[in-house]
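Using the UniProt record's numbering, read the sequence shown as starting at 1 and increasing by one per residue.
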Amino acid sequence: MSTFPASSDASASTPRAARIAVIGGGPAGLMAAEMLAAQGLSVDLYDAMPSVGRKFLLAGKGGMNITHSEGFADFITRYAARREQLTPLLKQFGAEQLRAWIQGLGIDTFVGSSGRVFPTDMKAAPLLRAWLHRLRESGVRFHMRHRWLGWPQGNAQQNDAQQDQRGQTLRFATPDGEIAMQADAVVLALGGASWARLGSDGAWLPWLQALQVDIAPLQPSNCGFDVAWSTHFSERFAGQPLKPVAASVALNDGSMQGRRGEFIVTAGGVEGSLIYALSPSLRDAIAANGIVRLYLDLLPDWSLEKVQAELAHPRGARSMSSHLQSRLQLKGVKTGLLRELVNKDDFNDPARLAQAIKALPLPLQRPRPIDEAISSAGGVRFEALDDALMLRALPGVFCAGEMLDWEAPTGGYLLTACFASGRAAGEGVLHWLAAQASPMEQAT
């Protein structure tokens, strides 16, 4: 049984004969389907893949981080430029509500040491299985290997005088050929463009762009970056973590953004949690300037003065590398990074080397391709939607999830907003159908 209440006055006046199409079987689409089925509506969910929730399952492979436990005032700041638009959605269905909803599926959660929230068994699959069982029991019909192809030519472009706006004809490619389906309202939850092999390939862009829907270009988010390593450094240190370190980047407005954490050297660049957290700023700086320097503090617990004092000790016959290990406990990949990025004269000058240890400029060339990114930025701009997440250009068509123009760091923030926007889109459908219904339809 769903944990959703009869959420609004709209549910009482929504025509029960209405048929809703939800396109996309990720968390946003499944949440919209649950919201609608809970009110007794006929819901068909379509997905291009053989099964739903594939990206959800892969994201939970190393431990299902479902949300974050920090206070709402801090939580909402993680959505940066789109915090204003996401605040009402997350107030209705944020971290606390999401944990209660998971509890309703019979799955307990716990808060880890970092504040992140996980199911007790750390796995995504049991949660998804329980959810799908409940959705099927509520009457949701699943149509797998149904790839949405947009609308028949002219169907979505017609004006109010020509078309009953409650009617949407949708095209799908299926294993048995192309078919057309009719729906009274549609929820699009098609994802962004990361991990295309799991279904989020951005193929929906041209169909909405052709209808003058305002869409921000899709870009990689929570992604790695390319660095022009020397062959020697790449072969010796690829796969090794740098920790602990602090990193900072100059923003386009002249301010600095910084964080502490760890990341990994790859054969051709850098990736990992610290890089992901700064990726929007790094990506935008590269777009504006062609390149960006990430400043690394290799000894974040040491002051510059302390580093300078230790390096000033006479090293005698020892090499500088031995001196670094003896006086500062710097070795391995951190020393290798200094060798890679600091010229020979500066490396052998204690004062200049101390400066480099505390603010080592690492030039990043470009983000890794969007298909490798954990998530994507860009998508349908909120300005193209009304407050119920309905497209202004297409009455009766709602959008949710990662196909909307927002981004957030890892840590449960991505999933929480996907769930919240799916719920909001489902609520929006209920209100819209109720407003369209005649008194006779409402009575039935």
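Built from N, CA and C at the ideal position, the CB exists for glycine as well.
Keep in mind it's a predicted model, so treat the numbers as computed, not measured.
Proximity of residue 220 and residue 376 at Cβ, strictly below 8 Å: Indexing the sequence shown from 1 puts residue 220 at position 220. Indexing the sequence shown from 1 puts residue 376 at position 376. A contact, by the Cβ cut-off of 8 Å.
Contact between the segment 33-52 and the segment 141-152 (3+ Cβ pairs under 8 Å): yes
At least 3 beta-carbon pairs within less than 8 Å: the segment 329-337 vs the segment 233-249: yes
N- and C-terminal bounds of the beta strand (DSSP E) containing residue 217: Here the question's residue 217 lines up with position 217 in the sequence shown. From DSSP, the beta strand (DSSP E) with residue 217 extends over 215-221.
Spatial neighbours of residue 273 in its chain, beta-carbon cut-off 6 Å, leaving aside the 5 residues before and after: Position 273 of the sequence shown, counted from the start, is the residue given in the question as residue 273. If we look at residue 273 and ignore the five residues flanking it on each side, its Cβ neighbours are 261.
C-alpha distance - residue 357 paired with residue 318, whole-angstrom precision: Walking along the sequence shown from the start, residue 357 turns up at place 357. Walking along the sequence shown from the start, residue 318 turns up at place 318. Cα-Cα distance, rounded: 19 Å.
Uninterrupted beta strand (DSSP E) stretches inside the segment 246-322 (no shorter than 3 residues): 256-266, 269-271, 292-297
Simplified DSSP assignment, three categories, for residue 379: Here the question's residue 379 lines up with position 379 in the sequence shown. Reduced to three states, the DSSP call for residue 379 is strand.
Residue 50, DSSP secondary structure in three states: Along the sequence shown, read from residue 1 onward, the residue named residue 50 stands at position 50. Looking at residue 50 - three-state DSSP - the assignment turns out to be coil, as it is neither helix nor strand.
Exposed unless 16 or more other CB atoms sit within 10 angstroms - verdict on residue 193: Taking the first residue of the sequence shown as position 1, residue 193 is located at position 193. Its Cβ being crowded by 16 or more others within 10 Å, residue 193 is buried.
Classification of residue 363 by the beta-carbon crowding that lies within 10 angstroms, buried from 16 upward: For the purposes of this step, residue 363 is identified with residue 363 of the sequence shown, where counting begins at 1. Label assigned to residue 363: exposed.
Assigned secondary structure, residue 174 (DSSP; H/G/I helix, E/B strand, else coil): The count along the sequence shown starts at 1 and reaches residue 174 at position 174. DSSP places residue 174 within a strand segment (E or B) once states are collapsed to three.
Residues near residue 201 by beta carbon distance below 7 Å, same chain, minus five either side: The sequence position of residue 201 within the sequence shown is 201, counting from 1. Excluding residues within five positions, the ones whose Cβ falls inside 7 Å are 193.
First and last residue of the uninterrupted beta strand (DSSP E) at residue 109: On the sequence shown, position 109 is the one that residue 109 refers to. Run containing residue 109: 109-111, per the beta strand (DSSP E) assignment.
For residue 37 and residue 380, the rounded distance between their alpha carbons: Taking the first residue of the sequence shown as position 1, residue 380 is located at position 380. Taking the first residue of the sequence shown as position 1, residue 37 is located at position 37. If you take the alpha carbons of residue 380 and residue 37, they lie about 25 Å apart.
Exposure of residue 252, with buried meaning 16 or more beta-carbon neighbours within 10 Å: Position 252 of the sequence shown holds residue 252. Result: exposed.
Selection from 308, 264, 233 that minimises the alpha carbon distance to residue 225: To locate residue 225, count along the sequence shown from 1; it is residue 225. Residue 264 is the option with its Cα nearest to residue 225.
For residue 22 and residue 187, believed in contact at Cβ under 8 Å, the rounded distance: Taking the first residue of the sequence shown as 1, we reach residue 187 at position 187. Taking the first residue of the sequence shown as 1, we reach residue 22 at position 22. Correct: roughly 5 Å between the Cβ atoms.
Buried/exposed call for residue 58, threshold 16 Cβ in 10 Å: Locating residue 58 in the sequence shown gives position 58, counting from the first residue. The residue is exposed, with fewer than 16 neighbouring Cβ atoms inside 10 Å.
Cβ-Cβ separation, residue 354 to residue 304 (assumed contact under 8 Å), whole Å: Taking the sequence shown and counting its residues from 1, one reaches residue 304 at position 304. Taking the sequence shown and counting its residues from 1, one reaches residue 354 at position 354. Going by Cβ atoms, the distance from residue 304 to residue 354 rounds to 6 Å, so yes, they are a contact pair.
Nearest-angstrom Cα separation, counted from residue 368 out to residue 338: Your numbering for residue 338 matches position 338 in the sequence shown. Your numbering for residue 368 matches position 368 in the sequence shown. So the two alpha carbons sit approximately 24 Å from each other.
Given residue 243 as reference, the closest of 168, 301, 63, 139 once Cα atoms are compared: Working through the sequence shown from its first residue, we reach residue 243 at position 243. Measuring C-alpha to C-alpha distances from residue 243 to each of 168, 301, 63, 139 identifies 301 as the nearest.
Alpha carbon of residue 122 to alpha carbon of residue 290, nearest angstrom: Position 122 of the sequence shown, counted from the first residue, corresponds to residue 122. Position 290 of the sequence shown, counted from the first residue, corresponds to residue 290. Their backbone Cα atoms lie some 40 Å apart in a straight line.
Expected contact under 8 Å - CB spacing of residue 66 and residue 109 to nearest Å: Here residue 66 is taken as the residue at index 66 of the sequence shown, counted from 1. Here residue 109 is taken as the residue at index 109 of the sequence shown, counted from 1. 7 Å between Cβ atoms; contact.
Residue 55, buried or exposed, once every other Cβ within 10 Å from all chains shown has been counted against 16: The residue you call residue 55 lines up with position 55 of the sequence shown. Buried.
Distance CB(residue 428)-CB(residue 393) smaller than 8 Å: Start at 1 with the first residue of the sequence shown, and residue 428 comes out as number 428. Start at 1 with the first residue of the sequence shown, and residue 393 comes out as number 393. No, they are not a contact pair.
Selected residue, minimal CA-CA separation from residue 181, among 64, 44, 227, 91: As a working mapping, residue 181 is identified with position 181 in the sequence shown. Considering only alpha carbons, the answer is 44.
Local Cβ density within 10 Å of residue 407, reported as buried at 16 or more and exposed below that: Translated into the one-based positions of the sequence shown, residue 407 becomes position 407. It is buried - the Cβ of residue 407 has at least 16 other Cβ atoms within 10 Å.
6 Å CB neighbourhood of residue 76 in its chain, flanking five on each side removed: One-based indexing of the sequence shown puts residue 76 at position 76. The residues are 83, 87.
Beta-carbon contacts of residue 359 that lie in its chain and below 6 Å, excluding the five residues immediately before and after: As a first step, residue 359 must be located in the sequence shown, where it is residue number 359. For residue 359, where only same-chain residues beyond five positions count, the Cβ hits under 6 Å are 295.
Sheet register partners of residue 142 (DSSP bridge): Residue mapping note: residue 142 aligns to position 142 of the sequence shown, counting from 1. DSSP, once it has assigned bridges, lists 45 as partnering residue 142.
Neighbourhood of residue 150 by C-beta, 7 Å cutoff - its chain only, sequence neighbours within 5 removed: Here the question's residue 150 lines up with position 150 in the sequence shown. If we look at residue 150 and ignore the five residues flanking it on each side, its Cβ neighbours are 171, 207.
CB contact flag (residue 195, residue 349, <8 Å): Residue numbering aside, residue 195 sits at position 195 when the sequence shown is read from its first letter. Residue numbering aside, residue 349 sits at position 349 when the sequence shown is read from its first letter. Their beta carbons are not under 8 Å apart, which means residue 195 does not touch residue 349 by this criterion.
Inter-residue CB distance, residue 293 and residue 361 (contact presumed, cutoff 8 Å): Position 293 of the sequence shown holds residue 293. Position 361 of the sequence shown holds residue 361. Rounded, the Cβ-Cβ distance is 4 Å, consistent with contact.
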